[in-house]
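What follows is one structure encoded as C-alpha cells, with my remarks underneath.
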Amino acid sequence: MPESNSQTRPAEAATSSGESRNLPVPIARPMQPEGDGFFARLMRALFAWRDGPTRADIEVVLQAAGPGEGGVSPEERTMIRNILALRGRRIDDVMVPRGDIVAVQQDIAIGELVRVFEKAGHSRLPVYNDTLDDPAGMVHIRDLIAFMAAQASLSPEKNLKRKKPRPAGLDLGAINLAMQLSATNITRPILFVPPSMPAIDLLAKMQATRIHLALVVDEYGGTDGLVSMEDIVEQIVGEIADEHDVDEKPSIVRQPDGSYVADARASLEDATRLIGAEFDAGDAAREVDTVGGYMMSQVGRLPLRGELVPGPKGFEIEVLDADPRRIKRVRIHRNKGRAIERDREGRRRYSTPDAASPAIAPAAAEPAPGDAAKSDSTKSESAKSPASATDANAARRP
Numbered sequence: 449m450p451e452s453n454s455q456t457r458p459a460e461a462a463t464s465s466g467e468s469r470n471l472p473v474p475i476a477r478p479m480q481p482e483g484d485g486f487f488a489r490l491m492r493a494l495f496a497w498r499d500g501p502t503r504a505d506i507e508v509v510l511q512a513a514g515p516g517e518g519g520v521s522p523e524e525r526t527m528i529r530n531i532l533a534l535r536g537r538r539i540d541d542v543m544v545p546r547g548d549i550v551a552v553q554q555d556i557a558i559g560e561l562v563r564v565f566e567k568a569g570h571s572r573l574p575v576y577n578d579t580l581d582d583p584a585g586m587v588h589i590r591d592l593i594a595f596m597a598a599q600a601s602l603s604p605e606k607n608l609k610r611k612k613p614r615p616a617g618l619d620l621g622a623i624n625l626a627m628q629l630s631a632t633n634i635t636r637p638i639l640f641v642p643p644s645m646p647a648i649d650l651l652a653k654m655q656a657t658r659i660h661l662a663l664v665v666d667e668y669g670g671t672d673g674l675v676s677m678e679d680i681v682e683q684i685v686g687e688i689a690d691e692h693d694v695d696e697k698p699s700i701v702r703q704p705d706g707s708y709v710a711d712a713r714a715s716l717e718d719a720t721r722l723i724g725a726e727f728d729a730g731d732a733a734r735e736v737d738t739v740g741g742y743m744m745s746q747v748g749r750l751p752l753r754g755e756l757v758p759g760p761k762g763f764e765i766e767v768l769d770a771d772p773r774r775i776k777r778v779r780i781h782r783n784k785g786r787a788i789e790r791d792r793e794g795r796r797r798y799s800t801p802d803a804a805s806p807a808i809a810p811a812a813a814e815p816a817p818g819d820a821a822k823s824d825s826t827k828s829e830s831a832k833s834p835a836s837a838t839d840a841n842a843a844r845r846p
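Numbering (my numbering), first residue to last: 449 to 846.
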C-alpha cells in the first residue's frame with residue numbers, strides 16, 4: 449500500500465501489511481550445481497534435485513566416480529560408504545561381548561580400582577552390585593583422580609606450616625585407598641539399550657545425553673554386552689588407536705604348513721577373506737558371527753580342548769585353547785580324509801586311517817605266475833589261523 453494511504457487509513461494499511469506477511473515465501477535452496485563431476489553429482493544426490501531414493505543416489509555417485517575425481521580421496525569415499533552402511537548395523541554387531549567386559553564391583557577399594565584402570569587401559573568402567581546383571585552405573589578415571597586429589601589437597605596455610613611443604617600442596621598419604629567406591633559418590637549413570645537398536649540411533653542418543661557408555665541388555669534384563677561411542681565411531685572411520693593402545697596381534701595368522709591359527713572371536717567374514725571363498729559357512733553365518741560361534745553351532749555345545757569340529761567345505765577346526773566358558777584359540781586346516789567317529793561320551797572326533805590299513809581296500813591284482821605258490825601258501829596259513837584272517841579283515845574294514 450502506498451505510504452500516503454498508510455497515513456490516511458492506518459487501520460487498513462496495518463491489515464494489508466499483516467496479510468502480506470502471512471503469504472507463503474519459497475524456501476531458499478542451494479543453487480543446483482552444473483556438470484557431471486563427482487562433487488556436482490554428490491550435491492545433486494544430497495539435495496535430491498532428482499527424483500528417487502537419496503541413499504541410492506549417493507551410492508550410485510560413489511560407484512560411478514573415478515579414482516581421485518573431484519579431489520575426493522579413497523579414505524573419504526570409504527567413510528561416506530560406512531556412514532550409509534551404519535543404518536543397517538545393530539548394536540549387537542558392534543558391542544563388546546559379555547565375556548570380554550571389564551567391570552568392577554561397587555564395593556571395590558579405590559586403590560584396587562586404580563590397578564584395574566591401569567591394567568584395562570580404559571577411561572570408563574561399568575560398575576555392578578552383585579553380578580553384571582545388576583549394574584549400578586559407570587566410573588570415569590577422571591572422576592577418580594579428582595576425588596583422590598581432593599582428599600590429598602592441603603590448604604596453602606596448612607602446607608606452609610609444615611617443615612617440608614608438600615609439592616603442589618598434595619599430601620598423597622592422606623588418601624584412603626581402602627575406601628570403597630560406593631562411598632565416594634563418583635559413580636555416573638550408564639545407558640541401557642537392546643541389542644536390536646540401530647547403532648546410529650545410539651550414537652545420537654549418546655550425543656544428546658552426553659553418556660558415552662551403554663550396556664546391552666536382553667529381553668530378560670540380563671547383560672549381553674557393552675558398547676561405547678568409540679565402538680560406533682570406529683564403524684565409520686576405522687579402528688581408533690591412541691598412545692596407550694597396545695598393538696594387537698592379527699586374529700588369524702597363516703602357518704608355514706598352510707593351516708591358520710585364529711582367535712575364536714575372529715569373524716567368519718575375516719576368515720573367509722583371508723583363507724578364501726571356499727571357507728564359506730553358508731547358512732550358519734546367519735546365526736553366528738565368529739569362528740568360535742560357528743564351532744558351537746556345529747556340535748551344539750562348547751567343544752573341548754583338542755577336539756576337532758567339521759568346518760565348511762572340507763575344512764576342519766581344532767580347539768587349541770579353551771576354558772569352561774568359551775573357546776579361545778583354534779587351528780583351521782583342510783580335512784585330510786579322516787573319518788568321523790565318536791568317543792564314549794558321544795563327542796565327535798576324527799580318526800586318521802593307518803597307512804598300512806587304508807579305509808577302502810584296493811582291488812586285488814592278478815598274481816604273477818611266480819607268485820602263485822606264495823599266494824597258495826598264504827591262503828593255507830589264513831585257513832590255519834582264523835584269528836589272523838579276522839584281524840586282517842578288520843584292518844581293511846572302514
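Positions of the beta carbon are idealized from the N, C-alpha and C atoms, including for glycine.
*Smallest Cα separation from Ala584: which of Met543, Ala725, Leu629?*
Among Met543, Ala725, Leu629, the Cα nearest to that of Ala584 is on Leu629.
*With DSSP as the reference, please indicate the residues paired to Thr738 in a beta bridge.*
Answer by DSSP bridge pairing, in chain order: Ser715.
*Any idea what DSSP makes of Asp769, helix, strand or coil?*
Annotated three-state conformation of Asp769 is strand, per DSSP.
*Could you pull the start and end residues of the alpha helix (DSSP H) that Ala662 belongs to?*
Run containing Ala662: none in the alpha helix (DSSP H); it sits in the beta strand (DSSP E), 661-665.
*Return the CA-CA distance between Gln554 and Asp581, expressed in angstroms with no decimal places.*
C-alpha separation (whole angstroms): 13 angstroms.
_Any 3 or more C-beta pairs closer than 8 angstroms across the segment 529-549 and the segment 634-653_ = A contact exists between the segment 529-549 and the segment 634-653.
_Given Arg777 as reference, the closest of Asn783, Pro760, Lys761, Leu756 once Cα atoms are compared_ = It is Leu756.
_Can you tell me whether Thr635 is helix, strand or coil according to DSSP?_
DSSP, read as helix, strand or coil, puts Thr635 in coil.
*asked:* When you compare the CB positions of Gly730 and Pro760, do they come within less than 9 angstroms of one another, or not?
replied: The criterion of a C-beta distance shorter than 9 angstroms is satisfied by Gly730 and Pro760.
*Neighbour-count burial assignment, Val685, 16 or more Cβ in a 10 Å radius*: So Val685 ends up on the exposed side.
*asked:* Taking the beta carbon of Arg572 as the centre, do at least 16 other beta carbons fall within 10 Å, making it buried, or is it exposed?
replied: Classification for Arg572: buried.
*Span of the alpha helix (DSSP H), counted from its first residue to its last, around Met586*: Element bounds for Met586: not the alpha helix (DSSP H) but the beta strand (DSSP E), 583-588.
*asked:* Considering only DSSP beta bridges, list what Leu756 is partnered with.
replied: Partner(s): Glu766.
_Let me confirm a value: Leu625 is counted as buried when at least 16 other C-beta atoms fall within 10 Å, else exposed. Which label applies?_
By the neighbour-count rule (16 or more Cβ atoms within 10 Å), Leu625 is not buried but exposed.
*Confirm, please, whether the CB-CB distance from Ile723 to Val709 is below 9 angstroms.*
Ile723 sits away from Val709, with the two beta carbons spaced by 9 angstroms or more.
*State the DSSP-derived secondary structure class of Pro615, mapped to helix, strand or coil.*
The answer is helix: DSSP assigns Pro615 an H, G or I state.
*Could you check the C-alpha separation between Leu551 and Gly569 for me, to the nearest Å?*
Here residue 551 is Ala; the residue named in the question, Leu, does not match the sequence. Distance from the CA of Ala551 to the CA of Gly569, rounded to the nearest whole angstrom, comes to 12 angstroms.
*Please work out which residues of its chain come closer than 6 angstroms, Cβ to Cβ, to Arg713, disregarding the five sequence neighbours upstream and downstream, and give them in chain order.*
Within the same chain, Thr738 come within 6 angstroms of Arg713 by CB-CB distance, once the 5 residues on both sides are set aside.
_Residue interval of the alpha helix (DSSP H) (run including Asp649)_ = Here the alpha helix (DSSP H) through Asp649 covers 647-657.
*Look up Gly730 in the DSSP assignment and say whether it is helix, strand or coil.*
Helix.
*Which first and last residues belong to the alpha helix (DSSP H) in which Leu532 is found?*
Segment 522-534, the alpha helix (DSSP H) holding Leu532.
*Would you mind sorting Leu674 into buried or exposed? The rule is 16 or more other CB atoms within 10 Å of its CB.*
Result: buried.
*Taking 9 angstroms as the cut-off, decide whether the C-beta atoms of Val575 and Val562 are in contact.*
Not closer than 9 angstroms, so no.
*Once you ignore the five residues that flank Leu620 on each side, which residues in its own chain have a CB closer than 7 angstroms to its CB?*
Excluding positions up to five away in sequence, the list reads Ala600.
*Could you give the distance in angstroms between the alpha-carbon of Gly748 and the alpha-carbon of Thr720?*
Spanning the two alpha carbons is a distance of roughly 22 angstroms.
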